[in-house]
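Enquirer:
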Amino acid sequence: MTDYNAPLDDIKFCLRYAAGLDEILQLNVYDGVEIDDVDPILDEAGRFAHDIMGPTNRVGDEQGVSVENGKVKVPAEFADVNQQLVENGWMALGGSPEYGGMGLPETVEFATSEMWQSANMAFSLLTMLTRDATHAIKAHANDTLKQTYLPKITTGEWAATMDLTEPQAGSDLAAIKTKAIRDGDAYRIFGNKVYITWGDQELTENIIHLVLARIDGAPEGVRGISMFLIPKFLLDADGNPGERNDIVAASVEHKLGIHGSPTCVINYGEGDGAVGYLVGEENKGLAAMFTMMNHARIEVGLQGVAISERACQLARSYAHDRVQGRVPGQGPRAPIIHHADVRRMLLLMRSQTEAMRALAYATASQLDRLHHEESDEARKAAELRLSLLTPVVKGWNTETAQEVTSLGVQIHGGMGYVEETGAAQHMRDARILPIYEGTTGIQALDFAGRKILGDEGREIKSLIGELKDTCDAMEKDDALQSVGHDVRWGLEQLEQGVDWLLGNATENPAAIGTASVNLLMLAGIVLGGAFLAKATLASRSDEGGVDASFADGKLATTRFYCGHVMPRAHGYLAAATADPGTTMGMDVEAI
Ligand SMILES: Cc1cc2nc3c(=O)[nH]c(=O)nc-3n(C[C@H](O)[C@H](O)[C@H](O)COP(=O)(O)OP(=O)(O)OC[C@H]3O[C@@H](n4cnc5c(N)ncnc54)[C@H](O)[C@@H]3O)c2cc1C
């Protein structure tokens, strides 16, 4: 078992060269913030993650959560972590100054979030959803709700949750039944939500639930869904938590991983109905909730990076310690890191983690651009890029985290399969990532349907074109020549996949479903590698930007990725473009 150490070198590298933090800091809203101001914040976040949060990861996994006397109990150690996180201002880092936030770039907040997620993913879901909720409230709530609730949520004094899922409504939110009945200026909410992450807890003095429900008489389907803000404790005349709202956490789930995160069944309105306030317009709730969900989707992709990073660190440390077998030139018996196959596994873990990080940070940077670019045109460009890349970050990063954490177990041999080392926990914790916030299948349909077919492939082709331009530059650099060649080849595979979809989807609608996950994986592999290579290229022309040994390591992992991961693009292209009949032809009873 090793401690988590924040990979500050690579985080800073990705902020600079994948996210373009220098450019983001040129945006007017960040006037006065210098890149040198950011480094100490990251260093301190790294210390907090290592010293305060990291040590609670194992405890949370072992103790888990329970409901006792109607209260959700989480490991006692979490209270101190949360208190320090709030008191030291970490929750408010990227928050809007209007509501008590520090107003730093969201991209910087994203980097700190990676460290929290690595240190203790189960705990950090609390902080993640709370931050994500602020965006939806800020974008859609009326001024009274914003003034009343946002300051306390921004600082983290109050937590927030996202309540969509019901027993009959998972991927299919059109089936939501939770009911809202008008009651003066507010509504009374009745219904049953399941799987609500951090749906109840005693760490914060109030919990603000963002809930999807159907106003009595609203149309069927997604056009009849509204979003409500429902506080656990109603506020008294002074704005402090007072009377308990009609909300009960009926139970918590017993699950494969993230044991420290309470996944709750929440009943609204067992009595007179929970008091809720409409956020945004009636029947436009799904669109409002998407503001929160889109943030959360990028952050779940970031969880893929975070858990992979932790798995890499553990596997690397074990591979240096564990002595087994002979390696020529290494004495009678050698640490397993000297075996070629173990090196292969470690490099698969590391290079894919770095590619995921480059892709995730490049995507997150579009949030700052979307919110703060001056021209409509630049904001629109950011919106299109963000929207295209969000399902790729969510889908590919989280699926790749399965491979990386599984390799982490493999490198430990038998010790990986027993709980003692912690490698098994990473694999168990990672398994939720491709499920919640929209399964991989749902991300893939969004990617192929809305993001590619929806704009006739224009945005993805424009991205492919830009990345091919960087291949020209790579091919002129001796050290990156082969990387440029490999990335260009990958981009061509992706282009072929996109063209196939554009050419076949109208005639054969089943093609979207049969191709979409393969296309999503193809995009992730190629774009992850392309953003990794692009960042590597940018760092090479920034003299003194990174130290020599880091630069050598980055070049080596980029090359390894191109040799061992990029070729998978061809397999995914072949599967994406396979005759849809091979998937759809067999009778369902026969499968
Ligand atoms: C630990 C945990 C925490 C969670 N936290 C929250 C939370 O905080 N808030 C919240 O609201 N929900 C939460 N969820 C719920 C989560 O978002 C859902 O489980 C998820 O969206 C999938 O829904 P489902 O479980 O009903 O699966 P289903 O929708 O039944 O899906 C089952 C399978 O069918 C596939 N499928 C379904 N529909 C389609 C389709 N149209 N096309 C192709 N394939 C399809 C899916 O990809 C999946 O493989 C959480 C779940 C868990 C396990």
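Residue numbering for the sequence shown follows the working numbering, beginning at 7 and increasing consecutively.
Every residue, glycine too, gets a C-beta built ideally from N, C-alpha and C.
Source: prediction; values computed, not measured.
Tell me the rounded alpha-carbon separation between ASP169 and PHE239.
Expert: Your numbering for residue 169 matches position 163 in the sequence shown. Your numbering for residue 239 matches position 233 in the sequence shown. Their backbone Cα atoms lie some 17 Å apart in a straight line.
Enquirer: Over what stretch of residues does the beta strand (DSSP E) that includes MET168 continue unbroken?
Expert: Along the sequence shown, one-based indexing puts residue 168 at 162. Taken as a continuous stretch (DSSP letters only), the beta strand (DSSP E) holding MET168 covers 165 to 169.
Enquirer: Can you tell me whether ALA596 is buried or exposed? The criterion is at least 16 other CB atoms within 10 Å of its CB, across all chains shown.
Expert: Locating residue 596 in the sequence shown gives position 590, counting from the first residue. Its Cβ having fewer than 16 others within 10 Å, ALA596 is exposed.
Enquirer: Going by other Cβ atoms of all chains shown within 10 Å of its Cβ, with 16 needed for buried, is ARG229 buried or exposed?
Expert: As a first step, residue 229 must be located in the sequence shown, where it is residue number 223. By the 10 Å Cβ count, ARG229 comes out exposed.
Enquirer: Among residues of its own chain, excluding the 5 on either side of GLU211, which ones have a beta-carbon nearer than 6 Å to its beta-carbon?
Expert: On the sequence shown, position 205 is the one that residue 211 refers to. So the qualifying residues of the chain are PRO247.
Enquirer: With 16 as the cutoff for other CB atoms within 10 Å, does THR512 come out buried or exposed?
Expert: Numbered from 1 along the sequence shown, position 506 holds the residue referred to as residue 512. By the neighbour-count rule (16 or more Cβ atoms within 10 Å), THR512 is not buried but exposed.
Enquirer: Mapping the DSSP letters down to three states, classify PRO46 as helix, strand or coil.
Expert: Stepping through the sequence shown from its first residue, residue 46 is reached at position 40. For PRO46, the three-state secondary structure derived from DSSP is helix.
Enquirer: Are VAL258 and SER488 close, meaning C-beta to C-beta below 8 Å?
Expert: The count along the sequence shown starts at 1 and reaches residue 258 at position 252. The count along the sequence shown starts at 1 and reaches residue 488 at position 482. It is not a contact, given that the beta carbons lie outside the stated cut-off.
Enquirer: Quick check on the DSSP output: the beta strand (DSSP E) that includes PRO1 runs from which residue to which?
Expert: The structure shown has nothing for residue 1, since the chain only spans 7 to 597.
Enquirer: Quick one: Cα of ASN88 to Cα of MET108, how far?
Expert: Residue mapping note: residue 88 aligns to position 82 of the sequence shown, counting from 1. Residue mapping note: residue 108 aligns to position 102 of the sequence shown, counting from 1. C-alpha separation (whole angstroms): 18 Å.
Enquirer: Output the boundary residues of the alpha helix (DSSP H) element that contains GLY422.
Expert: If you number the sequence shown from 1, residue 422 lands on position 416. Membership of GLY422 in the alpha helix (DSSP H) is indicated by the continuous run 420 to 423.
Enquirer: What's the C-alpha gap between ILE159 and THR140?
Expert: Taking the sequence shown and counting its residues from 1, one reaches residue 159 at position 153. Taking the sequence shown and counting its residues from 1, one reaches residue 140 at position 134. So the alpha carbons of these two residues sit roughly 7 Å apart.
Enquirer: Going by the beta-carbon positions, is the gap between LEU451 and ILE518 smaller than 8 Å?
Expert: If you number the sequence shown from 1, residue 451 lands on position 445. If you number the sequence shown from 1, residue 518 lands on position 512. In this structure, the beta-carbon distance from LEU451 to ILE518 falls below 8 Å.
Enquirer: Using DSSP with H/G/I as helix, E/B as strand and the rest coil, what is ASN198?
Expert: For the purposes of this step, residue 198 is taken as the residue at position 192 of the sequence shown. ASN198 falls in the strand class under three-state DSSP.
Enquirer: Using 8 Å as the threshold, is the C-beta distance between TYR274 and ALA192 below it?
Expert: As a working mapping, residue 274 is identified with position 268 in the sequence shown. As a working mapping, residue 192 is identified with position 186 in the sequence shown. Contact: no.
Enquirer: Among HIS432, ARG464, ALA407, which has the Cα closest to the Cα of PRO651?
Expert: This structure leaves residue 651 out entirely; the chain is present only between 7 and 597.
Enquirer: Along the alpha helix (DSSP H) that carries GLY307, what are the first and last residues, could you check?
Expert: Indexing the sequence shown from 1 puts residue 307 at position 301. Start and end: 291 to 327.
Enquirer: What did DSSP end up calling GLY26 once you bin it into helix, strand or coil?
Expert: By one-based count along the sequence shown, residue 26 stands at place 20. Looking at GLY26 - three-state DSSP - the assignment turns out to be coil, as it is neither helix nor strand.
Enquirer: Give a single yes or no on whether LYS467 has its beta carbon closer than 7 Å to a heavy atom of ligand 1.
Expert: Working through the sequence shown from its first residue, we reach residue 467 at position 461. False, no ligand heavy atom lies under 7 Å from that Cβ.
Enquirer: Could you have a look at ASN403 and say whether DSSP puts it in helix, strand or coil?
Expert: One-based indexing of the sequence shown puts residue 403 at position 397. Reduced to three states, the DSSP call for ASN403 is helix.
Enquirer: Please name the residue, chosen from PRO46, GLU443, LYS199, GLU208, that lies closest to LEU218 on a Cα-to-Cα basis.
Expert: Here residue 218 refers to the residue found at position 212 of the sequence shown. Measuring from the Cα of LEU218, the nearest candidate turns out to be LYS199.
Enquirer: Beta-carbon within less than 7 Å of LEU376's beta-carbon, same chain only, minus the 5 sequence neighbours each way: which residues are those?
Expert: The residue given as residue 376 occupies position 370 in the sequence shown. Only ARG385, ALA388, GLU389, LEU392 meet the Cβ criterion.
Enquirer: In the structure shown, what three-state DSSP assignment does MET97 receive?
Expert: Locating residue 97 in the sequence shown gives position 91, where the first residue counts as 1. It is helical.
Enquirer: Is there contact between the segment 114 to 127 and the segment 84 to 103, where contact requires at least three CB pairs shorter than 8 Å?
Expert: yes
Enquirer: Quick check: does the Cβ of THR203 come within less than 7 Å of any heavy atom belonging to ligand 1?
Expert: Here residue 203 is taken as the residue at index 197 of the sequence shown, counted from 1. True, at least one ligand heavy atom lies under 7 Å from that Cβ.
Enquirer: Can you tell me which residues form a DSSP beta bridge with GLU172?
Expert: Here residue 172 refers to the residue found at position 166 when the sequence shown is read from its first residue. GLU172 is bridged to ALA175.
Enquirer: Going by Cα to Cα distance, which pick from ARG303, TYR324, GLU249 is closest to ASP635?
Expert: Residue 635 lies beyond the range of the chain shown here (7 to 597); nothing can be said about it.
Enquirer: Would you mind stating whether ALA321 and LEU352 have Cβ atoms separated by less than 8 Å?
Expert: In the sequence shown, counting from the first residue as 1, residue 321 sits at position 315. In the sequence shown, counting from the first residue as 1, residue 352 sits at position 346. Yes. Within cutoff.
Enquirer: So, ILE182 versus ARG220, is the Cβ gap smaller than 8 Å?
Expert: Position 176 of the sequence shown holds residue 182. Position 214 of the sequence shown holds residue 220. It is a contact, given that the beta carbons lie within the stated cut-off.
Enquirer: So what's THR203 in DSSP terms, helix, strand or just coil?
Expert: Numbered from its first residue, the sequence shown carries residue 203 at position 197. Three-state result, THR203: strand.
Enquirer: Does the segment 532 to 544 come close enough to the segment 452 to 460 to have 3 or more Cβ pairs within less than 8 Å?
Expert: No, they do not touch.
Enquirer: Using C-beta distances below 6 Å, list every residue in its chain close to MET421, excluding the 5 sequence neighbours before and after it, in chain order.
Expert: As a first step, residue 421 must be located in the sequence shown, where it is residue number 415. Same-chain partners within the cutoff: THR427.
Enquirer: Have a look at GLU288 and LEU216 and give me their C-alpha separation to the nearest angstrom.
Expert: By 1-based counting over the sequence shown, the position of residue 288 is 282. By 1-based counting over the sequence shown, the position of residue 216 is 210. Answer to the nearest angstrom: the Cα atoms are 14 Å apart.
Enquirer: Tell me, please, which residues DSSP counts as bridged to SER468.
Expert: Your numbering for residue 468 matches position 462 in the sequence shown. Answer is none; SER468 lacks a bridge partner.
Enquirer: Specify, as a first and last residue, the run of the beta strand (DSSP E) that VAL489 falls within.
Expert: Position 483 of the sequence shown, counting from 1, holds the residue named residue 489. Per DSSP, VAL489 belongs to no beta strand (DSSP E); it is in the alpha helix (DSSP H), 487 to 510.
Enquirer: List the endpoints of the continuous alpha helix (DSSP H) containing ALA370.
Expert: For this step, residue 370 is matched to residue 364 along the sequence shown. ALA370 -> alpha helix (DSSP H) spans 346 to 378.
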